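Residue numbers for the sequence shown follow this note's numbering, so the first one is 102 and each next one is one higher.
Where is the CB? At the ideal position from N, CA and C, for every residue including glycine.
Note that this is a predicted model, so its numbers are computed, not measured.
See structure below.
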Amino acid sequence: MTDDLSVVEPSRLCAVCDMALRSNIRCLSQPHHKSGFDLEKASDLGCYICGTIRHSHTWSRRLEECRSSSFQYAINRHNAGFVDTLEGLIVGKSPSGCCWAFQLWKEPDPASGTISYKPPVSHHHFDFIRLAKDWLDSCCRAHVKCRNSGPDYRPTRLIEIVDELGVRLIFPRNLSVDSIDYVAFSHCWGKVEAIKLLEKNVDRFRLGISNRELPNSYQEAIQLSLRMGFKYIWIDSLCIIQDSMLDWVQEAKDMKRVYEHAILNLCSATASDSSGTSFVARHANLLRPLRVKVDGEVFQLLCDGLLQDDITYCTLRSRAWVYQEWYLSKRSLVMGSHQLWWHCREKLACEMWPIGTPQANRGRWWSQTQPLKESAPSEDSDYMGAWSQRVLAYMRTKLTRETDRSVAFLGVVQSFGQSRQLCGDYLAGLWRCHLPAALLWKVTSPARRSATCTAASWSWTSFAGDCLVNTDRDLVHEPCFITVEQTMPLGVPGPDGFLMGGAITLSGHLFEVVYRSVGLFLGRGDFMVPGDQTTGGELYLDEGSGNEQFVSYLEATDLDDLGGWLEGETSIVFVFED
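What follows is the structure, encoded as structure tokens:
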């Protein structure tokens, strides 16, 4: 390519960014704006690249650092037939190396196709609603994977949208209609005290609630549902009696069906609590890819990190309860910070890419949110890999109450067990058919067991933090094969493994190993079988911050060495702390 660059639309590149695109220098850092303040000025004047950077979540999270930094750009341009990729175009000088990547696409206008759409300035515009309805209509009509399976289902309670001014609580199972289309709502509760259903106000909720009594995010979801033509919505805090443990437990078990049968799941992605709103960083001009001409060819210039910036790292995705809501829903309409997103089992789209995002931009997020195929046989060699992936993603989420760790994952468990024909074989985080290999899970970051968590100590559910579940049955040494003789549930028993703790009885053979710590710190070591140089492995301790010195009798090949001792059948370990 040469530097013959011209903007097809009125120029929306500052002189610095224009020069960067003209540059023939590859893979070397070159000076960009001298400071974040200069970049913000260029954004105010309409520069597409600078504006995209300035209004990103990374910029807002690290505002002072970005403003005080100078910037460089680097171009790594390669031709892949349909796309010229500009990666690492601008990199801040911060120690973390914040970077924003942009792409040049040769294909037609991303807004062209069966849906003709240009992002409006306001999300209240008619075209905004029309796009959402087009996505939904297309999905309901043509997507086989997104169709309902099984008999009609109705939640215990729903919120009926009476009009723009008020709603009321109803019991849909008492309605004499053939079917009910309802919308579910995923949101962050946060620490703001909002109106909720209690035993004492059920009758008042049935009479009616003014929309003015509802928090902002609820009003936003209700108004969008109404404009899309829906009369019913399911909101957890308004449809579950919050001060009734009996009702809470019953409804928690039913989350799978609530979200699987909802015609649509509305997601408030960026509101950190119920008082927040969506589209706070909306700039319509940045949602329309900049058209530029290079050597007589027209390209679309756009940011490569839209999905990560608006969805992957949004507040909502960090919540444990929402993980299963997103996973179980056939289709989701996500109200992001910048734009509206559509996600179903066959399509990922947004206002910038209304007919579907490029496959290359979907990344790991797309694969993690795809449901498993129906009735897949349990012998499938990859099913434990799929399970491990979901456990890892879930364990990276947060809970207000750690005691909910097992319950908030129950819907995923039920769905996974159904698809793999494993129902009834779930033991507090582990699948019976994968024992004893499933006991070889490990924490991958410093972690402690929660003082309030009552989950089984032999299960990953007893921890909060990154966790990897073993997927290799061959890791179990044949002479040490273990059979599960008994599992005794504790806490809240129920079908589908709904228990908070338990005891497991194992039987098998023991053999001697020699343990050697790696360094002086608690965390990881390796072991070997005396006289057998081919048998060994690594040992990971469940708990520990990774910087605690310790000694143990296990570290000495001679038990006379001073390294801890055996007292009866109990190992004594010293941990030294400051």
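Would you mind stating whether residue i and residue j have Cβ atoms separated by less than 7 Å?
| i | j | result |
| --- | --- | --- |
| Gln204 | Asp405 | yes |
| Val492 | Val570 | yes |
| His133 | Gln173 | yes |
| Ser295 | Trp422 | Per the sequence shown, the amino acid found at residue 295 is Ala instead of Ser. No, the Cβ-Cβ distance between Ala295 and Trp422 is not below 7 Å. |
| Ala556 | Ser507 | yes |
| Ser376 | Asn317 | yes |
| Ser438 | Val350 | no |
| Asp282 | Ile334 | no |
| Tyr149 | Leu391 | yes |
| Leu511 | Thr153 | no |
| Asp253 | Ser277 | no |
| Phe379 | Met436 | Strictly speaking, residue 379 in this sequence is Ser, with Phe absent from that position. Yes; because the gap between Cβ atoms is below 7 Å, this pair is in contact. |
| Ile605 | Trp542 | no |
Going by DSSP, what residue range makes up the beta strand (DSSP E) through residue i?
| i | result |
| --- | --- |
| Phe203 | 200-206 |
| Trp335 | 333-335 |
| Thr377 | Residue identity differs from the one stated: residue 377 is Gly in this sequence, not Thr. Neither: Gly377 is in no beta strand (DSSP E) and is coded neither H nor E. |
| Leu402 | 398-404 |
Within the same chain, show all residues whose beta-carbon is closer than 6 Å to that of residue i, passing over the 5 residues directly before and after it, in chain order.
| i | result |
| --- | --- |
| Leu367 | Val284, Phe286, Ala322, Leu434 |
| Ser195 | Note that Ser195 scores 47 on pLDDT, short of 50, meaning its location in the model is unreliable and no value can be drawn from it. |
| Leu473 | Residue confidence for Leu473 is low, a pLDDT of 44 falling below 50, so the modelled location carries little weight; the figure read from the coordinates is stated next. Contacts found: Ser520. |
| Lys431 | Cys247 |
| Gly147 | Arg113 |
| Glu314 | Ile296 |
| His288 | Ser318, Ser369 |
Quick one, which of the options has its alpha-carbon nearest residue i's?
| i | options | result |
| --- | --- | --- |
| His158 | Arg497, Lys431, Met496, Gln409 | Gln409 |
| Ala538 | Gly486, Gln351, Arg255 | Gly486 |
| Thr562 | Gly530, Asp282, Leu536, Leu540 | Gly530 |
| Leu500 | Arg418, Ser318, Ala143 | Arg418 |
| Leu164 | Gln131, Tyr149, Gly147, Cys199 | Cys199 |
| Pro256 | Arg231, Asp526, Asp337, Ala243 | Asp337 |
| Lys207 | Ser546, Cys451, Leu403, Thr498 | Leu403 |
| Ala450 | Gly291, Leu407, Tyr414 | Leu407 |
| Leu429 | Ile605, Asp355, His535, Asp264 | Asp355 |
| Gly309 | Leu339, Val359, Leu146, Cys289 | Leu339 |
| Cys415 | Ser161, Arg123, Gln131, Leu122 | Ser161 |
| Trp236 | Met329, Asp253, Thr606 | Met329 |
| Ser311 | Val245, Ile605, Ile260 | Ile260 |
| Val359 | Ser546, Pro273, Thr413 | Pro273 |
| Val513 | Glu361, Met346, Glu314, His244 | Glu361 |
Quick check: the Cα distance between residue i and residue j, rounded to an integer number of angstroms?
| i | j | result |
| --- | --- | --- |
| Cys240 | Cys445 | 8 Å |
| Asp304 | Arg533 | 45 Å |
| Met120 | Pro221 | 30 Å |
| Arg113 | Trp201 | 17 Å |
| Met453 | Arg389 | 6 Å |
| Lys357 | Trp427 | 11 Å |
| Ala116 | Arg155 | 17 Å |
| Gly518 | Trp488 | 10 Å |
| Pro455 | Ala353 | 35 Å |
| Tyr319 | Ile271 | 17 Å |
| Lys332 | Glu503 | 35 Å |
| Gln522 | Tyr424 | 22 Å |
| Ala233 | Trp443 | 8 Å |
| Gly291 | Leu441 | 22 Å |
| Tyr484 | Phe306 | 44 Å |
| Glu265 | Asp228 | 20 Å |
| Leu660 | Asp526 | Confidence is the limiting factor: at Leu660 the pLDDT is only 38, short of 50, which leaves the residue's position unreliable, though a coordinate-based value still follows. For Leu660 and Asp526, the distance between alpha carbons rounds to 42 Å. |
| Arg242 | Glu447 | 12 Å |
| Gln131 | Arg123 | 13 Å |
| Lys394 | Ala372 | 39 Å |
| Arg383 | Leu607 | 57 Å |
| Arg258 | Ile341 | 8 Å |
Could you name the residues of the same chain whose beta carbon sits closer than 7 Å to that of residue i, not counting the 5 residues immediately before and after it, in chain order?
| i | result |
| --- | --- |
| Ala385 | Pro220, Pro221, Val222 |
| Cys151 | Cys115, Cys118, Leu140, Ala143, Ser144 |
| Gly182 | Legend: pLDDT at Gly182 = 47, less than 50; position of this residue unreliable, value from coordinates given subsequently. Same-chain partners within the cutoff: there are none. |
For the alpha helix (DSSP H) holding residue i, just list the boundary residues, first then last.
| i | result |
| --- | --- |
| Phe138 | 137-145 |
| Tyr149 | 149-155 |
| Val514 | 511-520 |
| Arg269 | Counting along the chain, Arg269 falls outside any alpha helix (DSSP H), though it belongs to the beta strand (DSSP E) covering 267-271. |
| Arg162 | 158-162 |
| Val435 | Element bounds for Val435: not the alpha helix (DSSP H) but the beta strand (DSSP E), 432-436. |
Near residue i, which residues of its chain fall below 8 Å by C-beta distance, leaving aside the five closest residues on each side in sequence?
| i | result |
| --- | --- |
| Arg168 | Ser136, Gly137, Phe138, Glu141 |
| Met496 | Trp561, Phe564, Ala565, Gly566, Asp567, Cys568 |
| Gln343 | Lys297, Leu298, Leu299, Trp349 |
| Ile262 | Val268, Ile323, Ser326, Leu327, Phe331, Lys332, Tyr333, Ile334 |
| Val293 | Pro316, Asp374, Ser375, Ser376 |
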